[in-house]
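Notes to accompany the following structure.
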Amino acid sequence: MFRVIANQMIVPNVHLITLRAPAVAREAKPGQFVILRAEEEGERIPLSLSDWDAASGTVTVVFLNIGSTTSRLASLQAGVDIPTVVGPLGNATDIEKYGTVMCICGCYGIGSIYRIAKALKEVGNRVITIMEARSSYLFYWEERLSSVCDEVIQITRDGTRGYRGHVHKLPDILKDLDEPVDRIIVNGCTFLLKRVADVTRSSGIKTMVSLNPIMIDGTGMCGVCRVTVGSTTRFACVHGPDFDAHEVDWEELLQRRKTYMAEEVVPLRTSRCEERHFQMQEQSRE
Amino acid sequence: MSEVVKKKKYDLDRRDMPKQPPEVRRFNFDEVALGYTPELAVEEAKRCIQCKRPTCIGNCPVEINIPGFLNRVADGDFAGGIRILKEKNCLPAICGRVCPQEEQCEKTCIFRKKGGQIAIGRVERFLADWEAQQGELEMPELPRKTGYKVAIVGGGPSGLTVAGDLIKMGHEVTVFEALHKMGGVLVYGIPEFRLPKVIVNREVEYLQMLGVELVTDFVVGRTRTIDSLLDEYDAVFVGSGAGLPWFMDIPGENLNGVYSANEYLTRLNLMKGFLFPKYHTPVKRHRKVAVVGGGNVAMDCARSALRLGAESRIVYRRSREELPARLEEIENAEEEGVIFDFLTLPLRYIGDENGWVKAMECQKMELGEPDASGRRRPVPIEGSETIYEVDAVVCAIGNSPNPLIGATTPGLIIGKKGNIEANEETGATSREKIWAGGDVVTGAATVILAMGAGRIAARSIHEYLTSNGSA
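Heads up: the protein sequence lines correspond to chains X and A, in order.
Convert by adding 1186 to the 1-based position in the first sequence; the result is the number in this note's numbering.
Convert by adding 39 to the 1-based position in the second sequence; the result is the number in this note's numbering.
In structure tokens, the structure reads:
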């Protein structure tokens, strides 16, 4: 069992949970993920690691409350145990001295890019981070990111902070910088990853994305996370999660992610209410 | 026995095992076979003529004293029977259900020529279930602790066998399992209707009672490497299985609705998706499911699809005769209404506008000359392409070993097919202190062969630990 140490909503609908998982914390590297189950009947879902501390044996993940498992996860109080936290899974992000690296992140990716940016900085890169959100109130960890990056640039769709728009502003941003960018690393939702891939394709800048398809075991067994990269089928859990953005078949990935869209909220809608109904029936019988 | 000799007439009437009727069982996930009654078990065991030189034992990968336990059952001494059985087999309830006995112990039974081979597997199953019903399990006497520690990678059939054997030899044993439940393929792959999970849990609990430490949610190669385990343990056994699903590499395989058998079965079995939404892992209710392949896994998938309400068909490129699945499973599938399309090869899958599979194009085959496997090679018939309507495809054409251990263990020699190379007689690998066995060595095979490999490795590990070669 894995104890919830802290759990809070840091910005609307985005949660930060810290769990006790010493074996995972000891081995975790930037860019890896865990699979967890929030309850015995629960689904196994992959979540990127945002932070970890081997000394205290804890790992931290940031997630969006979007389906039945994340909703359950969001509701957990500190002190309760969950049945599964397994990892660290996937290959670590390649950390080398590239020169100037641009880290682009949005949503839960703001959390998961933090240790990547930190590691890149530690090996001597100049690190520029671009945070993207619908509005400024959805930003978090700005100070943390600022502390490990040379520059933090923000984009909001409503223009409440930084550049106004989406990552299609990237060419403008690149032009405004007075230095060439040697590598781009993107963490966040599939839409953000794809948009970045689209706008950097012609630039020739190597762009790496951390993919987030559906997974079950996370060790290469089920094959549900298969993605087409450079016309070969790869398993994101064991061959990734990082791939070259310009080689990913985005249409396929976006479609495969939608496989269980209808079902993902069903346990939320039905079983809990029914459970409650039967509980009440039983109580009234007593 | 004396009675048989007197009569000089052998009882060749192999007793049938009661089953749920097909028209009932095709709508539920409960176990198909219901098991012998004590009377049937005794009758069946009495048919064994206790050969002076039994041929069954040598054909059992774990060398169970088969006439021995049959003799006890014939006398109605079930406790004695289970004791003999468990000397060699720590998972009898499982083997009694999923071993291909017709290829092993029952194959060489002297009654086989006349079709009356003793139903060894059914009696084995009966004994294990009888013991479970008695409540109290009989605990074997454990020797003094040797102080040696062994780590086992993978909680499947080979790993659990090694664990059971080594704990009974006095060593400390820890099993590391990547998934959240022990059992490997027994829990994620084989469906409830063929192997109820309470039975697997019972066997796992028995090991726990013997003192085996079980660690779930631990991926060796990621959570810790084998070399890191060797800092703490005196030996490591790798039984990580064949968990990497094959696809055919034909167009449309990544469409929504095309599954690997592993995914399809894991959702249903490990995650209990057939109880969705009580269990939260989603399972689609398809209308027309095509399962590609002809092995036991393909049968499991097709029969599961049927139980979820679909029209279910097996698409296999050879003919019925070449089906690698057990005859019993083929017959069960046929009785339940699975459709078989033999001599049929999928060419591509066709998607709808939303990226869901809606049809598959197949080619008819005919059988040509025998190939390396000795089976007649299927040859495509030109111009025989046809399009079937389907809304799901399950690809059950096999698995190769998971590459994680090989990739994270320097010096471990990996074969061409991704398998760990190990000595057949000892299970020893190219690295000192590391043994391997089961599907990770042989490629996808059977539960009992994995157990046999586990037994061999356990013996070799024990010899190593107790000789001067150890730390």
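Each residue gets a CB set at the ideal place from its N, CA and C atoms; glycine is no exception.
- The C-beta distance from VAL259 (chain A) to ILE444 (chain A) rounds to 7 Å, short enough to fall under 8 Å.
- Between ASP273 (chain A) and LYS207 (chain A) the beta-carbon gap is near 17 Å, outside 8 Å, which marks them as no contact.
- Annotated as distal: GLY1292 (chain X) and SER1234 (chain X), with beta-carbon spacing of 9 Å or more.
- Neighbours of GLY194 (chain A) in chain X, taken as residues whose beta carbon is under 8 Å from its own, are absent, since the nearest beta carbon is some 13 Å off.
- Each residue's CA atom was taken as its position, placing ILE88 (chain A) and ARG65 (chain A) some 38 Å apart.
- Going by DSSP, ASP1435 (chain X) is part of no beta strand (DSSP E) at all; its letter is neither H nor E.
- Straight-line spacing of the CA atoms in ILE1402 (chain X) and LEU79 (chain A) works out to 43 Å.
- Interface with chain X (9 Å Cβ-Cβ cutoff): MET310 (chain A) is included.
- Distance between PRO106 (chain A) and GLY209 (chain A), taken at the CA atoms: about 29 Å.
- Pairing LYS403 (chain A) with ILE420 (chain A) gives a Cβ-Cβ distance under 9 Å.
- Between GLY203 (chain A) and ILE369 (chain A), the alpha-carbon positions lie close to 32 Å from each other.
- Comparing alpha carbon positions, the residue from A:GLU82, A:ILE289, A:ALA167 closest to VAL239 (chain A) is A:ALA167.
- Setting aside the 5 residues that flank it on each side, GLY413 (chain A) has no residue in the same chain whose C-beta is closer than 7 Å to its C-beta.
- Uninterrupted beta strand (DSSP E) stretches at least 3 residues long and entirely within the segment 1311 to 1382 of chain X occur at 1312 to 1319, 1337 to 1342, 1369 to 1373, given in chain order.
- The Cβ neighbour count for HIS1201 (chain X), taken over all protein chains shown within 10 Å, is at least 16; the residue is labelled buried.
- Closest option to ALA435 (chain A), judged by alpha-carbon separation, among A:PRO290, A:TYR298, A:GLY120: A:TYR298.
- By a beta-carbon distance limit of 8 Å, LYS1304 (chain X) contacts VAL1334 (chain X). Their separation comes to about 4 Å.
- Taking C-alpha positions only, LYS146 (chain A) is separated from VAL336 (chain A) by approximately 22 Å.
- For SER1254 (chain X), the residues of chain A that pass the 7 Å Cβ criterion are HIS319, in the order they occur in the chain.
- Distance between GLN1469 (chain X) and LYS317 (chain A), taken at the CA atoms: about 21 Å.
- Among the residues of chain X, those whose CB is under 9 Å from the CB of ALA217 (chain A) are VAL1272, ASP1403, GLY1404, THR1405, MET1407, following chain order.
- Counting only the Cα atoms, ASP114 (chain A) lies some 51 Å from GLY1404 (chain X).
- Within chain X, ILE1402, CYS1408, GLY1409, VAL1410 have C-beta atoms less than 8 Å from the C-beta of GLU302 (chain A), given in sequence order.
- Cβ-Cβ distances below 6 Å link ARG1412 (chain X) to THR1419, PHE1421 in the same chain, with the five nearest sequence neighbours on each side left out; the list follows chain order.
- Closer than 9 Å to the CB of GLY1228 (chain X) there is at least one CB belonging to chain A.
- For the segment 228 to 256 of chain A, the residues whose beta carbon sits under 7 Å from a beta carbon of chain X are, in order, ASP256.
- Taking a C-beta cut-off of 7 Å against chain X, the contacting residues of the segment 269 to 285 of chain A are GLY282, LEU283, PRO284, listed in chain order.
- Rounded to the nearest whole angstrom, the C-alpha separation of ILE1302 (chain X) and SER1261 (chain X) is 28 Å.
- Of the residues A:GLU463, A:ALA489, A:ALA431, A:ASN462, the one whose Cα lies closest to the Cα of ARG324 (chain A) is A:ALA431.
- Between MET1394 (chain X) and ILE1359 (chain X), the C-beta gap is not smaller than 9 Å, which leaves the two residues out of contact.
- In chain order, LYS220, LYS236, VAL239, ASN308, LEU309 place their CB closer than 7 Å to the CB of VAL226 (chain A), counting only its own chain and leaving out the 5 sequence neighbours on each side.
- Scanning chain A for C-beta atoms nearer than 8 Å to the C-beta of ARG1223 (chain X) yields HIS219, reported in chain order.
- In this structure, GLY1243 (chain X) lies away from GLY1426 (chain X), with their beta-carbon atoms at least 9 Å apart.
- In this structure ILE229 (chain A) is in contact with ASP339 (chain A), their Cβ atoms being roughly 7 Å apart against a cut-off of 8 Å.
- From the beta-carbon of LEU443 (chain A), the residues of chain X found nearer than 8 Å are THR1405, GLY1406, VAL1424.
- One Cα belongs to THR305 (chain A), the other to CYS1408 (chain X), and the distance between them is close to 7 Å.
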